[in-house]
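For reference, the structure is listed below as structure tokens.
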Ligand code: DO4
Ligand code: MG
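In the numbering used here, the protein residues as written are 3 to 296.
Pasting the structure below:
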């Protein structure tokens with residue numbers, strides 16, 4: 003994780019143990035941990051564990067920290083229609099509910115080449131507790147809770163995080179060429195709170211994802227899914243992103259959604275979105291409808 007130190011307001015990189023103890027790390031970023039581990043020829047998790055055994059945890063608890071994005075991802079990309087549920091939801095948008103038509107969503111679900119689109123940049127991406135903005139020209143907006151892959155420059159998976167690929171279903175459903183506008187605007191993407199190091203994950207197809215949306219402190223939407231429902235492999239998605247491309251270290255690739263709120267639901271100012279992924283944590287963001295104040 004990264005958090006803001008109370009007095010100096012400087013960002014601090016830290017590790018959180020399974021017991022929720024927080025240890026600050028003598029590095030400025032997640033990528034520095036990866037680099038140092040490489041030069042010492044050790045696994046990043048062993049480097050971090052060695053530091054933990056030689057230090058004491060912070061007196062503040064994890065819940066008291068002002069969390070920041072765990073990595074300042076230069077770019078965020080996203081894969082789409084990687085779960086059956088996402089394909090069905092897009093078909094509903096694109097066909098006004100006439101689900102017998104075959105669409106380009108059906109085609110991409112089965113095609114060799116996955117859908118991968120540009121989602122966000124460092125400046126547009128927010129961390130835990132930050133306000134997500136709604137688009138002012140959409141009346142049908144939802145969060146998309148997704149597992150995020152944190153990539154190195156070769157497209158290798160360094161770790162896993164949580165991401166929210168906020169989406170405008172009406173804009174996307176009107177015309178597929180509107181996808182960038184349905185997906186990308188200021189504060190339309192959040193990531194965090196933590197990065198789970200790749201080498202500590204035995205089976206990345208066993209993550210449990212849950213999403214809860216609260217309105218006036220009442221739970222209004224709840225859904226859950228597992229990465230075992232994913233149609234693709236994570237390495238496959240990362241290799242398509244990398245093909246003939248530059249992957250900046252720390253790029254996050256969101257891997258698609260499998261949780262879609264009921265069709266009549268749209269986000270509103272003041273809603274709170276909570277996305278939890280097993281062993282990674284909970285990404286909580288309030289929603290604001292003030293996109294004009296960027
Ligand atoms: O096809 C449009 C976007 C799909 C997407 O974002 C998803 O499946 O998560
Ligand atoms: Mg998505």
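All residues carry an ideal CB built from backbone N, CA and C; glycine is no exception.
Of the other Cβ atoms in all chains shown, fewer than 16 fall within 10 Å of the Cβ of residue 250; this residue is therefore exposed. If you check the C-beta of residue 259 against the ligand DO4, you find a heavy atom less than 7 Å away. Distance check between residue 13 and each of 24, 45, 31 places 31 closest, using alpha-carbon atoms only. Per DSSP, reduced to three states, the secondary structure at residue 67 is coil, with no helix or strand assignment. Per DSSP, the unbroken beta strand (DSSP E) holding residue 166 starts and ends at 159-167.
Within the model, the alpha-carbon separation for residue 34 versus residue 128 is close to 21 Å. The criterion of a C-beta distance shorter than 8 Å is satisfied by residue 193 and residue 75. Counting C-beta atoms within 10 angstroms of its own C-beta, residue 61 has fewer than 16 neighbours from the protein chains shown and is therefore classed as exposed. In the three-state DSSP reduction, residue 91 falls in the helix class (H, G or I). For residue 253, DSSP records a beta bridge to 153. For residue 287, the enclosing beta strand (DSSP E) has its first and last residue at 283-290. Taking each of 286, 25, 143, 103 in turn and checking the Cα distance to residue 56, the smallest one comes out for 25.
Following the DSSP letters along the chain, one finds residue 36 inside the alpha helix (DSSP H) bounded by residues 32-42.
Boundaries of the beta strand (DSSP E) around residue 217: 210-217. Per DSSP, the unbroken alpha helix (DSSP H) holding residue 55 starts and ends at 46-55. By a beta-carbon distance limit of 8 Å, residue 283 does not contact residue 83. Their separation comes to about 26 Å. Using a cutoff of 7 Å, the CB of residue 167 counts as near the ligand MG, since one of the ligand's heavy atoms is closer than that.
Sequence-distant Cβ neighbours of residue 212 in its own chain, meaning closer than 6 Å and more than five residues away, are 226, 278.
For residue 42, same chain residues with a beta-carbon under 7 Å away, outside a window of 5 residues either side, are 49 in chain order.
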